[in-house]
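Since the structure comes first, as structure tokens, the remarks are kept for the end.
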Amino acid sequence: MRLAAVLLDAMNTEVRNGHCEGFNNCVLIGANSGAASGNHASGIDGGPSANAGANVVQISGNYSSSNGKYVIERIRKNFHTNDITDNINNVTLSDNFVALYSYAGIRAGAISSGVSLNTDLAGQCTIGGIPSCSGIAFSQSYTNAPICTCTDTTGVNACRVQVTASTLTITGSSGHTVNYVCIGRN
């Protein structure tokens, strides 16, 4: 069985409306090039039982740091093993039909402040204790107040965030430890 019916190794390339037979992958994205970002595969069907392969669409992990943006939609596996195998994010979809699968190059596991201390991005504090959850100063003054959320890690209790353009205050059960996450918008 041949490797791929269509190789998408160029940037911002699109393939639409087709099916393949006798190929391990109908569409293979980024197997030979680190520039295969921004690709779009749409309306691709896998083959019949006698000529089915492994993946209707496979995203290669060969260049995982640079092949980071793609949209895949309307994929029908028919008798292929998988609709989509994403080797960058270690995701395999084996449903009969996938309406939409996309990735914009940001993985939740890749988001970090880069430091072990509390930051504008994330932190931990103790309500009524040290470090205090009252008047946490942001490192910059925002035009629009950041969007923040909190989670009580001591018990199943509510915590509340109050945010201004320059500070964060968290209230809740005294003595409880809370985690917070903030996203500044400007």
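The number in my numbering is simply the position in the sequence shown, starting from 1, with 4 added. Just so you know, even glycine gets a beta-carbon here, dropped at the ideal spot from N, CA and C. Predicted, not measured: the structure shown is a model, and the values here were computed from it.
Inset, instruction - Determine the closest residue to residue 8 out of 151, 14, 27 and 20, with distance taken between C-alpha atoms. - result: 27
Inset, instruction - Round the Cβ separation of residue 129 and residue 174 to the nearest angstrom and send it over; I've been treating them as touching at under 8 Å. - result: 7 Å
Legend entry - Strand pairing of residue 163, partner residues [DSSP]: Bridge partners of residue 163: none, in fact.
Legend entry - Residue of 152, 164 and 179 minimising C-alpha distance to residue 189: 152
Inset, instruction - Please name the residue or residues paired with residue 134 in a DSSP beta bridge. - result: Bridge partners of residue 134: none, in fact.
Legend entry - Local conformation of residue 106 per DSSP, three classes: strand
Legend entry - For residue 97 and residue 91, the rounded distance between their alpha carbons: 12 Å
Inset, instruction - Identify every run of the beta strand (DSSP E) within the segment 52-103, keeping only runs that are complete inside it and at least 3 residues long; order them along the chain. - result: 59-63, 74-80, 86-90 and 95-97
Inset, instruction - Starting from the Cα of residue 36, find the closest Cα among 47, 62 and 88 and give me that residue. - result: 62
Legend entry - Alpha-carbon spacing of residue 142 relative to residue 59, whole angstroms: 47 Å
Inset, instruction - Please determine, among 162, 158 and 169, the residue with the shortest C-alpha to C-alpha distance to residue 147. - result: 169
Legend entry - Supposed contact pair residue 171 and residue 132 - C-beta distance, whole angstroms, cut 8 Å: About 17 Å; that fails the 8 Å criterion.
Legend entry - Residues of its chain near residue 67, where Cβ-Cβ distance is below 6 Å and the 5 sequence neighbours each way are ignored: 34 and 38
Inset, instruction - Identify whether residue 49 lies in helix, strand or coil by the three-state DSSP scheme. - result: strand
Legend entry - Cβ-Cβ separation, residue 176 to residue 161 (assumed contact under 8 Å), whole Å: 6 Å
Inset, instruction - Please say whether residue 24 and residue 51 have beta carbons closer to each other than 8 Å? - result: yes
Legend entry - DSSP-derived helix/strand/coil call for residue 182: strand
Legend entry - Backbone CA spacing between residue 73 and residue 185 [nearest angstrom]: 25 Å
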